[in-house]
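Read the structure below first, then the notes.
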Amino acid sequence: MSNLSLKPSYLVLATVILSGCAIGPDYQKAPEVTPEELPSWQFDNDAAQAGTSMATLNWQSFYQDPALQRFIQQALDNNIDLKIASERVYRAQIGLVESDSQFLPNFDLTFDADREKTSKALTSDPKIDNEFKLTANVSWELDLWGKLRRSNEADIANLQAMQADFYGSRISLIAQVAELYYKIQDAQNQIQLTNNNILARERSKRITELRHQQGIISGLDVSQSNVELMQEKLKLPALHNSLNSSMYQLSILLDQSPKKLEIPARNPNNLDRESLPVGLPSELLKRRPDVISQERKLHAATAAIGVAQADYFPNISLVGNFGAKSLEIDDLLDDAEYWEIGADISMPLFNWGTTTANVDKVTSEYREAILNYRKAIFVSFRESAEAIENVDKNRTEYYLKRDLLSATNEYLRIANLRYSNGVIGYIDVLDAQRNQAKSQQDFSSAAESLQTSFVGLYKALGGGWDAAGYQQALNNVEDIDSAVEQQSNVINNQMPVVPQTAEMPEN
């Protein structure tokens, strides 16, 4: 390292001339996936058409059940995992402050006090000397090759990726709460149906016992009715276990005791949603947080190439020391000033390929980032298509099982009448009861599956956050010089100030 005394005007002129340079590739918009590369079913589905997507609805508009809304809001306020994710974003925001400070001079103040005795081996007149020094030190690394700018660019992109990941976690949390809510309601309904069936089996058992005592039927019918009763009772332990498990899972998401959870019974009306527009596949890329995150990471990987390539060139820093030095502390502020100004230049000569290896490494990471971005796109299209098909399948099964339930109800009614008139045996009644009970439980499960499929579609389309506002904030960053200010706006408008994680932006 050398220390060169240069005139400040020359250094400023050189800085202005070279500051426009930035080593490494400029980030280009991520490569688009062409329609030819996508599976055909992305475009054949009737739901995938131009228009407003259901994902643009905020979650309060999509989930209109007041009780479910309260649980979702409670999860957004209290969920531990979401708070952890928020803390990570907050640390990244603080780290950006450190990244921004690289462009500015560093100032520090030092005070030294030394007392030295001269060795008798060096002089015949040894003495004790004091030295006091008060110094203000200034250093400023010149970003001639754009290394600092590329580093800051990567930091901003990584922060934006982390923010997108945060919103991905938020979307997943909303979906988890909704799915558990519907699962609990179904378990409660299944238990109620089973209890009703147990009461019906107990009534049938009493009737068969009376008819047996009257000699109308054999003891076989009594045994059969008792078997049916026991089989229904055996369903309850598993149903209660499933209910308790779901309650515990929901309580963890809400950070609340399961004993305090009050889940209302499922409303049998309005289980289906007639219109569910999903919009065009191209719009999906602007809404999915995981796709946005991978695109931001690709930007960061691009900037990292410039950071690595800048190591081929010298680092230049302006340095200055301004202060006072004296032998007596009383004289420190009396004509004891001194100053020194110069430049430090360092440049690697032989490092045995370390710089080249680092450039190759970050270039490989850049290629991997492209692949991860493309993979995220394909995954988003696959999940959205599967979610659409799942809604169609579950809707069809829901209506078929509803019709089947109506048919088994009628079958049981007729069977009871024919049995009362002695036309058929009790085994035929038991068969009708089994069919009707199974149809009731299957229909309840179909309703839960249909509701859950809506949750999956809303999640797959990226619903539940202000994606449009986030994209607008990203698009406003036209160059790296304005990126810091724009990113500050993103932080203030999009992210909660920890620990106020409840203050979440909505559509």
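Using our numbering, read the sequence shown as starting at 904 and increasing by one per residue.
Even glycine gets a Cβ: it sits at the ideal position worked out from N, Cα and C.
Which residue marks the beginning of the alpha helix (DSSP H) containing residue i, and which one marks its end?
i, result
"A1168", "No alpha helix (DSSP H) holds A1168; DSSP gives it neither H nor E."
"L1157", "1122 to 1157"
"N981", "969 to 981"
"P928", "It is not in any alpha helix (DSSP H) - P928 carries neither H nor E in the DSSP assignment."
"R1270", "1257 to 1323"
"P1192", "1192 to 1212"
"F1357", "1329 to 1363"
"S964", "962 to 965"
"G1366", "Where G1366 is concerned, there is no enclosing alpha helix (DSSP H), given that its DSSP letter is neither H nor E."
So which of the options has the shortest CA-CA distance to residue i?
i, options, result
"K1138", "E1289, Q1091, P1161, N1254", "Q1091"
"A1141", "A1168, Q1116, T1097", "T1097"
"N1319", "A1310, L1333, L1308", "L1333"
"A1103", "M1150, S1128, V1181, F1225", "S1128"
"G1209", "D1193, E1268, V1181", "E1268"
"E1240", "S1229, A1246, D1233, I1248", "S1229"
"A1443", "M1250, G1118, I1317, L1146", "Because the chain spans 904 through 1410 in this model, residue 1443 falls outside it and cannot be assessed."
"Y1314", "R1337, Y1084, E1001", "R1337"
"S1309", "N1324, I1291, E1292, Q1339", "Q1339"
"L1439", "Y1329, Y1361, L1132, M1065", "Outside the displayed range of the chain (904 to 1410) lies residue 1439, so it cannot be described from this structure."
"V1194", "M1133, S1323, Y1070", "Y1070"
"N1100", "D1331, G1223, R1053, L1132", "L1132"
"N1224", "K1036, Y1322, T1021", "K1036"
"G1256", "Q1116, R1114, N961, D1214", "D1214"
"S1356", "D1295, D1306, K1341, G1328", "D1295"
"N1324", "S1283, K1200, R1114, F974", "R1114"
"P928", "D1028, Q1063, R1052", "R1052"
"Q1420", "I1219, S1283, T1258, Q1197", "Because the chain is modelled from 904 through 1410, residue 1420 falls outside the range shown and cannot be assessed."
"Q1134", "L1123, E1105, N1297, N1009", "E1105"
"Q1095", "S1283, D1331, I1119, H1143", "H1143"
"Q1344", "L1307, G1372, D1124", "L1307"
Measuring straight from C-alpha to C-alpha, what distance separates residue i and residue j?
i, j, result
"Q972", "Q963", "6 Å"
"D1238", "A1227", "8 Å"
"L999", "A1211", "19 Å"
"K986", "L1153", "16 Å"
"L1012", "S1042", "12 Å"
"L1252", "V1262", "16 Å"
"L1187", "Q931", "20 Å"
"T955", "L1303", "30 Å"
"E1292", "R1285", "11 Å"
"D1046", "A1370", "35 Å"
"K1086", "S1054", "47 Å"
"L1377", "F965", "26 Å"
"L1201", "M1065", "13 Å"
"V992", "R1305", "47 Å"
"I1232", "I1244", "24 Å"
"V1181", "N961", "14 Å"
"L1164", "K1189", "36 Å"
"F1217", "L1025", "Checking the sequence shown, residue 1217 turns out to be Pro, not Phe. If you take the alpha carbons of P1217 and L1025, they lie about 42 Å apart."
"I1219", "Q1005", "13 Å"
"D1028", "L1236", "30 Å"
"A1260", "S1002", "25 Å"
Taking the Cβ atom as the reference point for each residue, do residue i and residue j lie within a distance shorter than 8 Å?
i, j, result
"A995", "G1365", "no"
"A1272", "L1156", "no"
"G1367", "I1077", "yes"
"R1018", "N1040", "no"
"Q1354", "L1083", "no"
"E1300", "D1089", "no"
"G1049", "A1207", "no"
"T1038", "K1030", "no"
"A1363", "S1249", "no"
"P1161", "A970", "no"
"I975", "V1130", "no"
"S1347", "Q1093", "yes"
"D984", "S1072", "yes"
"L1221", "A1246", "yes"
"A1067", "R1199", "yes"
"A1203", "A1057", "yes"
"N981", "D1158", "yes"
"T1111", "Y1322", "no"
Going by DSSP, what residue range makes up the beta strand (DSSP E) through residue i?
i, result
"R1176", "Note, R1176: premise wrong, no beta strand (DSSP E); not H, not E."
"E1231", "Segment: none, E1231 is in no beta strand (DSSP E) and carries neither H nor E."
"I1094", "Premise fails: I1094 lies in the alpha helix (DSSP H), 1050 to 1116, not in any beta strand (DSSP E)."
"A1432", "Residue 1432 lies beyond the stretch modelled for the chain, which goes from 904 to 1410, so this question has no answer here."
Opposite residue i in the DSSP bridges: which residues?
i, result
"R1018", "N1033"
"L1221", "W1043, A1246"
"L1012", "A1039"
Please check if any C-beta of chain C sits within less than 8 Å of the C-beta of residue i.
i, result
"Q1095", "Of the protein chains in the structure, only one exists, and it is not chain C."
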